[in-house]
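Quick note, the sequences are listed as chains U and F, same order.
Here my numbering is used: the first residue of the first sequence is 15, the next is one more, and so on.
Here my numbering is used: the first residue of the second sequence is 24, the next is one more, and so on.
As structure tokens, the structure follows; a few thoughts come after it.
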Amino acid sequence: GDSVTQMEGPVTLSEEAFLTINCTYTATGYPSLFWYVQYPGEGLQLLLKATKADDKGSNKGFEATYRKETTSFHLEKGSVQVSDSAVYFCALSDTRTYKYIFGTGTRLKVLA
Amino acid sequence: NAGVTQTPKFQVLKTGQSMTLQCAQDMNHNSMYWYRQDPGMGLRLIYYSASEGTTDKGEVPNGYNVSRLNKREFSLRLESAAPSQTSVYFCASSVRGGGEQFFGPGTRLTVL
């Protein structure tokens, strides 16, 4: 079945460092891909999305490109801030069943 | 515009007790979802409702029932709570299946 694998955390970075969180997927068909962010004590909120191959999603300085050839959707940010500390989830939506499949989440901690 | 609301925020149950988690959205969304979040396991889909009047099982439906009361409301019922159901429960909604999901703030449930 469909699945999402993302790098285990926690990831600890200094402020202004470059961030990469890896995400790979397996899916039949052509899923849409998402990154969600969860701040402490809150629900998830959409960070960015891409609906077809080679699309780049971007928001708040974060970017991710839908790579069909490598089945990846890695999250990147050029310069992280303390306020980016959160848990990040990669997800795909199954185009046949419309169910979402989430990765296990990667905790990011940014130190001042 | 409150988005997705959930009640209660916290709940402690004894093994065997029953309870209903309430969820409502005011965005006129068609699809609604219930997830549980456990450490190291990401979000797992319990049940979803693609549209008013329909419900389907997700990845972990055992021990739960749902009711799509109307387009706004989607409740989750635990008939006989077990310690394995200790978790954080999130409700979410989307305009249509497979699109961006909007999450509620969660219910933290402890079963003793």
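All C-beta atoms in this analysis are idealised placements derived from N, C-alpha and C, irrespective of residue type, glycine included.
Cβ pair residue i, residue j closer than 8 angstroms
i              : j              : result
residue 56(U)  : residue 128(F) : yes
residue 99(U)  : residue 122(U) : yes
residue 63(U)  : residue 71(U)  : yes
residue 97(F)  : residue 58(U)  : no
residue 78(F)  : residue 89(F)  : yes
residue 16(U)  : residue 106(U) : yes
residue 116(F) : residue 55(F)  : yes
Residue i classed as buried or exposed, judged by whether at least 16 other C-beta atoms fall within 10 angstroms
i              : result
residue 63(F)  : exposed
residue 31(F)  : exposed
residue 103(F) : exposed
residue 24(U)  : exposed
residue 133(U) : Any property of residue 133(U) remains undetermined from this structure, which presents chain U solely from 15 to 126.
residue 124(F) : buried
residue 53(U)  : exposed
residue 38(F)  : exposed
residue 33(F)  : exposed
residue 96(U)  : exposed
residue 41(F)  : exposed
residue 65(F)  : buried
residue 47(F)  : buried
residue 44(U)  : exposed
residue 91(U)  : buried
Straight-line Cα distance separating residue j from residue i
i              : j              : result
residue 148(U) : residue 67(F)  : For residue 148(U) there is no data in the structure shown, the boundaries of chain U being 15 and 126.
residue 50(F)  : residue 92(F)  : 16 angstroms
residue 41(U)  : residue 51(U)  : 22 angstroms
residue 132(F) : residue 112(F) : 7 angstroms
residue 80(U)  : residue 37(U)  : 10 angstroms
residue 84(F)  : residue 30(U)  : 43 angstroms
residue 35(F)  : residue 134(F) : 6 angstroms
residue 58(F)  : residue 27(U)  : 30 angstroms
residue 68(U)  : residue 18(U)  : 18 angstroms
residue 101(U) : residue 77(U)  : 16 angstroms
residue 119(F) : residue 94(U)  : 33 angstroms
Per DSSP, cross-strand counterpart(s) of residue i
i              : result
residue 87(U)  : BP columns for residue 87(U) are empty, so no partner.
residue 82(U)  : Partner(s): none; residue 82(U) has no beta bridge.
residue 27(F)  : 48(F)
residue 70(U)  : 79(U)
residue 100(U) : 122(U)
residue 88(F)  : 100(F)
residue 34(F)  : 132(F)
residue 64(F)  : Paired residue(s): none; residue 64(F) is not in a bridge.
residue 72(F)  : 55(F)
residue 79(F)  : 71(F)
residue 21(U)  : Bridge partners of residue 21(U): none, in fact.
residue 40(U)  : 17(U)
residue 105(F) : DSSP output for residue 105(F) lists no bridge partner at all.
Unbroken beta strand (DSSP E) run spanning residue i, endpoints
i              : result
residue 53(F)  : Note, residue 53(F): premise wrong, no beta strand (DSSP E); not H, not E.
residue 123(U) : 120-125
residue 46(U)  : 46-52
residue 95(F)  : No beta strand (DSSP E) holds residue 95(F); DSSP gives it neither H nor E.
residue 25(U)  : 25-28
residue 131(F) : 130-134
residue 111(F) : 110-117
residue 116(U) : 114-116
residue 59(U)  : 58-64
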